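Step one of this worksheet: look at the structure below.
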Amino acid sequence: LEVQREDKTVRITFLGGQVVYAHAGEEAMMKRLKETMLAGGMVTPDGWRHLEIHSGSPEALWSTLAKVLSPETAGRFLRRQVTDTLFDLLRFKKGKYSFIPEKKVDYPSTLLTPMDVDFLLMEGCRIADEFSMLEQKLPKPTVVLRKSIMDTAEKPKAEQAGSLALVNFADTLESVVLQERGISVNEHENKVLTALQSPQALKEIMNIVDLSHFDACTATLSLLKKHVVVEVSRKELAAAQKPQSAKLLAGYYFLAFAVAVTSFAAYHRATYMHPEQMAGWKAYSSATNSARAKCELEELLADLRNYKGLTGKIPISLGELEKTGMVAHRRFIDPWGSPYQYVYKDGFFSLSSKGEDRRAASQDDIYLSR
72 LEVQREDKTV RITFLGGQVV YAHAGEEAMM KRLKETMLAG GMVTPDGWRH LEIHSGSPEA
132 LWSTLAKVLS PETAGRFLRR QVTDTLFDLL RFKKGKYSFI PEKKVDYPST LLTPMDVDFL
192 LMEGCRIADE FSMLEQKLPK PTVVLRKSIM DTAEKPKAEQ AGSLALVNFA DTLESVVLQE
252 RGISVNEHEN KVLTALQSPQ ALKEIMNIVD LSHFDACTAT LSLLKKHVVV EVSRKELAAA
312 QKPQSAKLLA GYYFLAFAVA VTSFAAYHRA TYMHPEQMAG WKAYSSATNS ARAKCELEEL
372 LADLRNYKGL TGKIPISLGE LEKTGMVAHR RFIDPWGSPY QYVYKDGFFS LSSKGEDRRA
432 ASQDDIYLSR
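Under this note's numbering, think of the first position of the sequence shown as 72, with each following residue one higher.
Right, dumping it as structure tokens:
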């Protein structure tokens, strides 16, 4: 069964009158599975790329995952994918549908038992009704949320630093603090709090957390009502993610200004004294500009993280940051008057300055990330 509306196409696969597979676009399916596994520490970025290359089709990916994860975990992810797709389809108000007969149906039979249509319809209709009420109470998908349990200064350094894999909220000091306050957290709420190791947009939480969309939304709304989770303003998010070196940017600007004034005053004196002294002043000025460029690149990196937190994607150009109003155009220029270089490809990016000679790929180039 294929159902189309303007922005989405859903495909449901049946075998013997029972549902055996479903997806609403391979790209969205792969993105959600990837983010859940990366966040849970089940796979590394390189490991995921290896899986994609060697699994071939999305259907074959599930069978491949069963060899990497436990069959129970892979099967749970697959059922989540199928049921969320079906329940979302039942919320469509308009669209076109068609049935496409197939002589052979390939699906990961070792991971998924065919699902009864009548049960799915009844459960899906119930969730569709409740989802409409949930959406009225939940923030917009792009709104960023954070935990509101302890001040940053109160958290242990290990918890503030974060890690590649999410730490189970039940094992943190914050969990103990909630218990002392008499606030209980159920299993679903615990998974949402685990996903909120750092501020995340609501739609990103839906991808990271190991729950169905409905259960994740219900748990998030409950945490908001308990004031365990709160919305984050754009200004607060920027301040929280800005690296320490960027916070010291004002000091670098002052230092650069002081050096510039001193260098200008010394220039006349040096030119009447000795060429070696003049060369020393030039080297000093160059080192200051290099330090300033590194600091400005760090600040741009923080802005890129903020953009991803708000939109769920990495910008393909620095111009996208400027359009949001988050970054002024003047901040894209390095201390030597050349534009900072930003290259994006396949989810990876690099930030760099051409350096004092204003030529790319030379020894004085300054790279922040590759």
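Yeah, the Cβ is synthetic: ideal placement off N, Cα and C, and Gly gets one too. Just so we're clear, the structure is a prediction, and the values are computed from it rather than from any experiment.
1. Could you tell me how far apart the beta carbons of Gln89 and Pro185 are, in whole angstroms, since I believe they sit closer than 8 Å?
2. Assuming Leu368 and Leu282 are in contact, meaning their beta carbons sit under 8 Å apart, how far apart are those beta carbons, in whole angstroms?
3. Tell me which residues share the same chain as Lys297 and place their Cβ nearer than 7 Å to its Cβ, disregarding the 5 neighbours each side in the sequence.
4. Tell me the DSSP secondary structure of Arg363 in three-state form.
5. Straight-line CA distance for Arg162 to Trp133?
6. Give the range of the beta strand (DSSP E) segment to which Thr80 is assigned.
7. Given 8 Å as the limit, is there contact between the region 180-196 and the region 97-117, that is, 3 or more CB pairs closer than that?
8. Between which residues of its own chain and Lys44 is the CB-CB distance below 7 Å, once the five residues before and five after are set aside?
9. Does the structure place the region 245-254 close enough to the region 272-280 that three or more beta carbon pairs sit under 8 Å?
10. Mind checking which residues open and close the beta strand (DSSP E) that includes Glu73?
11. Bridge partners of His94, per DSSP?
12. Are the CB atoms of Ile385 and Leu375 within a distance shorter than 8 Å?
13. Could you tell me whether the Cβ atoms of Pro406 and Arg363 are closer together than 8 Å?
14. Which residues does DSSP pair with Lys274 in a beta bridge?
15. With DSSP as the reference, identify every bridge partner of Tyr168, one or two as the case may be.
16. Taking only the alpha-carbon atoms, compute the straight-line gap between Gly408 and Arg401 and give it to the nearest angstrom.
17. Go ahead and pull the three-state DSSP assignment for Ser421.
18. Should His94 be labelled buried (16 or more other beta-carbon atoms within 10 Å of its own) or exposed?
19. Have a look at the DSSP bridge pairing and note the partners of Ile404.
20. Classify Met344: buried if its beta carbon has 16 or more other beta carbons within 10 angstroms, exposed otherwise.
So, to answer that:
1. 4 Å
2. Rounded, the Cβ-Cβ distance is 37 Å, inconsistent with contact.
3. Ile254
4. helix
5. 27 Å
6. Lys79 to Leu86
7. no
8. Any property of residue 44 remains undetermined from this structure, which presents the chain solely from 72 to 441.
9. no
10. Glu73 to Arg76
11. Arg82
12. yes
13. yes
14. Per DSSP, none; premise fails for Lys274.
15. Val74
16. 10 Å
17. strand
18. buried
19. Pro410
20. Unreliable placement is indicated for Met344, whose pLDDT of 47 sits below 50; the coordinate value is still reported in the next sentence. Answer is exposed; the Cβ neighbour count stays below 16.
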